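Here is the structure we will look at.
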Amino acid sequence: MRNNTEKILFMGCGVMGEAVLSSCLQKRLYSPENIFVGETDEKKISALARAYGVKTMTSEDAAGLKDNFRAVIAAVKPQKTESIIPPLKKIRFQLLITIIAGVNCSYFTDRLGKIPVLRVMPNLCIKVSKSVNALFANENLLSSPLANELMETAEKLFSASGKLIRVKNEDYIDRVTAVSGSGTAYAAYFIEALEEAAAALGFKPDEAALMSREIFDGAITYMRETGETPAMMRKKVTSPGGTTEKAIQVFEDKKLKEIVSEAVGTAYERAKELGRKK
Ligand SMILES: NC(=O)c1ccc[n+]([C@@H]2O[C@H](COP(=O)([O-])OP(=O)(O)OC[C@H]3O[C@@H](n4cnc5c(N)ncnc54)[C@H](OP(=O)(O)O)[C@@H]3O)[C@@H](O)[C@H]2O)c1
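Just so it is clear: in the sequence shown, position 7 is 9 by this note's numbering, and no numbers are missing.
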């Protein structure tokens, strides 16, 4: 359902920003005339206006806008974060939503004052509206008299592109990064391994790709439709003395679950370390 009055502004609209923008338009949450984009890339400025009919401009011009924005969505690369601070000092907005990885809410409140900030950690599947979007609201947001409405805006914006999880401690954003932010790559890595194993058994690349990718799609659909957990589904396929049991035994002997846990733990440590460097 379109909101006819709220205006939102994207500061930076590359891969991730565009995914959020296009899902909002697809779900008809906003009219294009209420979506503004501040960008540095001239090509993107005209391409986004052409593709979506939204109002695009340089970030300097965005700084001169007199509109009062419901939310500004900061979606620049982490190393460009500083460059959006001067325009943000001039723009009137109620909520800052940041999807910038590794940059804490306090980075913005230290520079912009006591503003409500919502930190969101999406993943690459936001491009196909299948992201898990973790949300963390800072204290200024939670204690704002507009808290409910601002959270509603944010939840509406990000449920258009996936499922939401709310975290109460900002440190959990780093944990989400380790599980679902990087997780799309873990899934892709396992599929890659299966494709290579299929090729080693003599299948052509397209056959290996078809089988390895479809089983993931099939397994997720199966669990969703039957309500079975991964363990229940696994046990169903694993008959005593059969082929699956033999394969799973190899995973168990090589301690695959411990390897996965160690990998996720290492990603979490790295997310914390990168956050401290900002
Ligand atoms: N990819 C993921 O899976 C993922 C997951 C979670 C979070 N994130 C976060 O999402 C953010 C955006 O990533 P992305 O892949 O979308 O980056 P991107 O494609 O590089 O998009 C960022 C855009 O912002 C523009 N920009 C730079 N400085 C600007 C400024 N001062 N004002 C306005 N626009 C400016 C960039 O233009 P130029 O090219 O000219 O610099 C670029 O078009 C990152 O902080 C990343 O950490 C990504």
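Ideal placement from N, C-alpha and C gives every residue a C-beta, glycine not left out. Being a predicted model, the structure only gives us computed values, none of them experimental.
Check                                                                                                                                                                               : Outcome
Using only the heavy atoms of ligand 1, determine whether one of them is closer than 6 Å to the beta carbon of isoleucine 99.                                                       : no
Just verifying my parser: in three-state terms, what is the DSSP assignment at leucine 23?                                                                                          : helix
Could you tell me whether the Cβ atoms of valine 22 and valine 39 are closer together than 7 Å?                                                                                     : no
Using 6 Å as the cut-off, classify the Cβ of alanine 103 as near or not near the heavy atoms of ligand 1, replying yes or no.                                                       : yes
Assuming leucine 67 and isoleucine 87 are in contact, meaning their beta carbons sit under 8 Å apart, how far apart are those beta carbons, in whole angstroms?                     : Contact doesn't hold; Cβ gap of about 16 Å is too wide.
Just grab the DSSP bridge partners of isoleucine 37 for me.                                                                                                                         : Ile10
Report yes if the C-beta of glycine 14 is less than 6 Å from at least one heavy atom of ligand 1; otherwise report no.                                                              : yes
Thinking just about the alpha-carbon of each residue, which of Leu143, Ala269 and Ile222 is nearest to the one in glycine 185?                                                      : Ala269
Kindly indicate which three-state DSSP category lysine 57 falls into: helix, strand or coil?                                                                                        : strand
Count Cβ pairs between the stretch 143-150 and the stretch 69-83 that sit closer than 8 Å; are there 3 or more?                                                                     : no
Would you decide whether valine 119 is buried or exposed? Buried here means 16 or more other CB atoms lie within 10 Å of its CB.                                                    : buried
Where does threonine 100 sit, in a helix, a strand or coil, going by DSSP?                                                                                                          : strand
Give me, in chain order, the residues of the same chain whose beta-carbon lies closer than 7 Å to that of cysteine 15; leave out the 5 immediate sequence neighbours on both sides. : Leu23, Val39, Glu41, Lys46, Leu50 and Ala77
Whole angstroms are fine: how far does the CA of serine 182 sit from the CA of glycine 244?                                                                                         : 33 Å
Cβ atoms of asparagine 106 and valine 122: under 7 Å apart, would you say?                                                                                                          : no
Using the C-alpha atoms, what's the distance from threonine 228 back to serine 133?                                                                                                 : 22 Å
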